[in-house]
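Protein chains in written order, with my numbering: chain B, 10 to 197; chain S, 10 to 197. Every residue, glycine too, gets a C-beta built ideally from N, C-alpha and C.
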DNA sequence: GTCTATACCTTGATAGAC
DNA sequence: GTCTATCAAGGTATAGAC
C-alpha cells in the first residue's frame, strides 16, 4: 500500500490538474492548490519545491491519462476507422467542458507558449501523443500522408474547441463533428 | 492637433496591445506596460484607473483595426470569393507571429474565458466582426448556411493557429491554407 | 513527515506635492 | 498633467519547531 506521503502527492497533482485547467496555470496560486488539496501551505513544499515542479507533475499525469486512454482504445477497437470515430466521440463528449474552459491541452500550450518556452516544450508532448496515435490509424488505413491527416484532424478539433469556448455553445461543435464523421466515412 | 495627454494615452494602448499579445493579459503587469510606453508608473493612473480599463481600451483598439481592415477589403475587392481569399492570405501572412504567440484574438479569448467572464464578453466581439464579415461574403455567394460556413472558416483558422503555435512551425499552416483556398475555389 | 510562522518580492492601486 | 513616495494584498519560497 502507498505511504501517506505518496497519497498527499497524488492529491496535490489532482487538485493542481483541475485548477490549471479551469483557471489557467499562471492564474492559479500555490495557495489555491494547497487549499484545494487540503494540504497546509508550509507542508506543501515538502512535496513540490517550485510551481514549475507541480506543472511538470501535472503534465506527466495528463500524459499518463492520455497514454492509458489511447492504449485502451487500441485494445477495445480493432478497426482504425472506428478508432478515429472514437477520437471524435471523445471531443463530442467533452462539449460542456470545452464550452467553459476550452481544451486542456490547447489552452495550456497557448498560455505557456507565449513566454514560458521550457514549460511549453513539456506540454507539447500531449499533442505528440494524439498526433502520433492518429497518424498510426491513418497509416493503417493506407494513407501515405498519415501525419498530415493526423495534424489536420487535431487542428480541426482545436479550432472547434476555440470556437466552442468563445461562444460558450456546443451547437456548432456538434454539427462540425457530424461533418468530420462523414468525412471519415467517405474519404478516409 | 492632439494634446499631449491623448498622445500618451495612445502610446500606452499601443504598448499594452503588444504586451498583452506577446505575454498574455494576466502575465503583463502595470509596470511592464508603463515601462514599454515610457510613462512613469505613478503618472500611469492618470490615464487608466484599473488594469481592466487598459484591456478595454486595447480591445477597442483592436476592434477599430479589424473594422478598418475589413472596410478596406470591402472597398478594394468587389468579388466575395476574392475577399475570402484575402482573409486566408491574412492568416498566411501572420504565420511568423502565429508560430511565436498564437492568434491575438484566439489566445486572448481563451485566457479570459477561463475565469474572467466580463472581460471575455468584450474580447469576443473581435470574433463577431470576422464571423459577420465572413458570413456576409458567403451570403453574397448565395449560401443559405452562410453563418455556419463563416464559423467553419473561422474555426479552421483558429485550429491552424493553435497547431502552428504548438509546433512553432508554419509548414503545416501553409499546406492547410492551400487546401482551404482550393476548397473556396471548388465548392463555395 | 507535518505544520507554523514568516521573509521577501511583486502586484495593483492611492495620496498628495509639484 | 507629472512625478515621488508609499500602501495593502497577495505571490513564491524558506526556516525551523514539532
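Among the options, which one has its Cα closest to the Cα of residue i?
i, options, result
"residue 173 of chain S", "S:72, S:114, S:118 and S:109", "S:109"
"residue 128 of chain S", "S:114, S:141 and S:139", "S:114"
"residue 28 of chain B", "B:104, B:60 and B:161", "B:60"
"residue 138 of chain B", "B:39, B:175 and B:69", "B:69"
"residue 186 of chain S", "S:119, S:132, S:157 and S:99", "S:99"
"residue 196 of chain S", "S:119, S:90 and S:131", "S:90"
How many Å lie between residue i and residue j at the Cα?
i, j, result
"residue 96 of chain S", "residue 76 of chain S", "13 Å"
"residue 123 of chain B", "residue 33 of chain S", "7 Å"
"residue 190 of chain B", "residue 102 of chain B", "14 Å"
"residue 82 of chain S", "residue 92 of chain S", "7 Å"
"residue 135 of chain B", "residue 167 of chain B", "13 Å"
"residue 80 of chain B", "residue 152 of chain B", "22 Å"
"residue 117 of chain B", "residue 162 of chain B", "19 Å"
"residue 57 of chain B", "residue 165 of chain S", "39 Å"
"residue 23 of chain B", "residue 150 of chain B", "37 Å"
"residue 146 of chain B", "residue 85 of chain B", "14 Å"
"residue 49 of chain S", "residue 142 of chain S", "40 Å"
For residue i and chain B, any beta-carbon pair shorter than 9 Å?
i, result
"residue 100 of chain S", "no"
"residue 169 of chain S", "yes"
"residue 25 of chain S", "no"
"residue 115 of chain S", "yes"
"residue 160 of chain S", "yes"
"residue 71 of chain S", "no"
"residue 133 of chain S", "yes"
In terms of residue numbering, what span does the alpha helix (DSSP H) encompassing residue i cover?
i, result
"residue 197 of chain S", "It is not in any alpha helix (DSSP H) - residue 197 of chain S carries neither H nor E in the DSSP assignment."
"residue 41 of chain B", "39-46"
"residue 167 of chain B", "155-175"
"residue 57 of chain S", "Segment: none, residue 57 of chain S is in no alpha helix (DSSP H) and carries neither H nor E."
"residue 150 of chain B", "Looking at the DSSP string, residue 150 of chain B is not in any alpha helix (DSSP H), and its letter there is neither H nor E."
"residue 113 of chain S", "113-124"
"residue 97 of chain S", "89-102"
Distance cutoff 9 Å, beta carbons only. Does residue i sit that close to anything in chain S?
i, result
"residue 6 of chain B", "Outside the shown range of chain B (10 to 197) lies residue 6 of chain B, about which nothing can therefore be said."
"residue 163 of chain B", "yes"
"residue 136 of chain B", "yes"
Taking all protein chains shown into account, do 16 or more other C-beta atoms lie within 10 angstroms of the C-beta of residue i, making it buried, or fewer, making it exposed?
i, result
"residue 16 of chain B", "exposed"
"residue 37 of chain S", "buried"
"residue 88 of chain B", "exposed"
"residue 188 of chain S", "exposed"
"residue 130 of chain B", "exposed"
Please confirm whether any heavy atom of the ligand GTP lies closer than 8 Å to the CB of residue i.
i, result
"residue 182 of chain S", "The ligand GTP is not among the ligands present in this structure, which contains no ligands whatsoever."
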